[in-house]
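In UniProt numbering, the protein residues as written are 1 to 172.
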């Protein structure tokens with residue numbers, strides 16, 4: 001399993017007036033050294049160990065959306081894809097098998113393209129039920145208020161209590 005020594009990329013996104021994003025950076029772990037074979041099951045076990053139970057296996061919605069009541073972890077179990085993070089004018093990110101994205105509440109995300117075998121394991125911290133919000137100026141401020149009430153998790157979904165999320169997000 002991954003070690004807490006692995007340092008994730010950080011991507012800071014800002015509100016565009018429609019998609020709130022977050023003061024916390026997106027964390028992107030690349031090419032995690034999981035056992036060969038069933039990456040989906042390995043991600044489910046890893047996330048559950050760190051109190052981010054997996055709740056689904058699928059691809060990423062092909063429309064811009066975000067969650068205002070929960071943080072989200074996405075583990076790429078197979079294939080590759082181009083995602084847009086941060087809203088319609090956000091930043092494109094390429095992901096492939098073994099990558100993990102930790103999205104703070106409010107982070108816009110959308111699948112732009114993907115290989116036929118693209119599969120993601122998605123999860124949320126314990127006690128953070130998720131909603132699905134579409135970018136909209138009319139609901140932006142209410143969403144920002146909900147996002148501000150979402151607690152920083154006690155552990156990183158990849159590296160646990162010693163992970164980057166704990167130190168980086170608690171400073172923001």
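Glycine included, each C-beta is placed from N, C-alpha and C at the ideal position.
Endpoints, the beta strand (DSSP E) within which residue 165 is located: No beta strand (DSSP E) holds residue 165; the alpha helix (DSSP H) holding it covers 164 to 171.
Nearest to residue 58 (by Cα), restricted to the options 52, 84, 106, 40: 40
Go through the segment 97 to 156 residue by residue and report every complete run of the beta strand (DSSP E) that reaches 3 residues or more, in order. 100 to 103, 109 to 114, 119 to 123
Is the beta carbon of residue 100 sitting closer than 9 Å to the one on residue 33? no
Take the Cβ of residue 132 as the centre, count every other Cβ of all protein chains shown within 10 Å, and call the residue buried at 16 or more, exposed below. exposed
Taking the Cβ atom as the reference point for each residue, do residue 120 and residue 60 lie within a distance shorter than 9 Å? yes
Taking only three categories from DSSP, how would you classify residue 78? strand
Pick helix, strand or coil for residue 66, following the three-state DSSP scheme. strand
Coil, strand or helix - residue 44 by DSSP: helix
Residue 163 and residue 47 - do their beta-carbons sit closer together than 9 Å? no
Stretch pair the segment 81 to 99 + the segment 146 to 157: three plus CB contacts closer than 8 Å: no
Compute the Euclidean distance between the alpha carbons of residue 167 and residue 72, then round it to the nearest angstrom. 17 Å
Using the C-alpha atoms, what's the distance from residue 42 back to residue 80? 17 Å
For residue 108 versus residue 50, is the C-beta distance shorter than 9 Å? no
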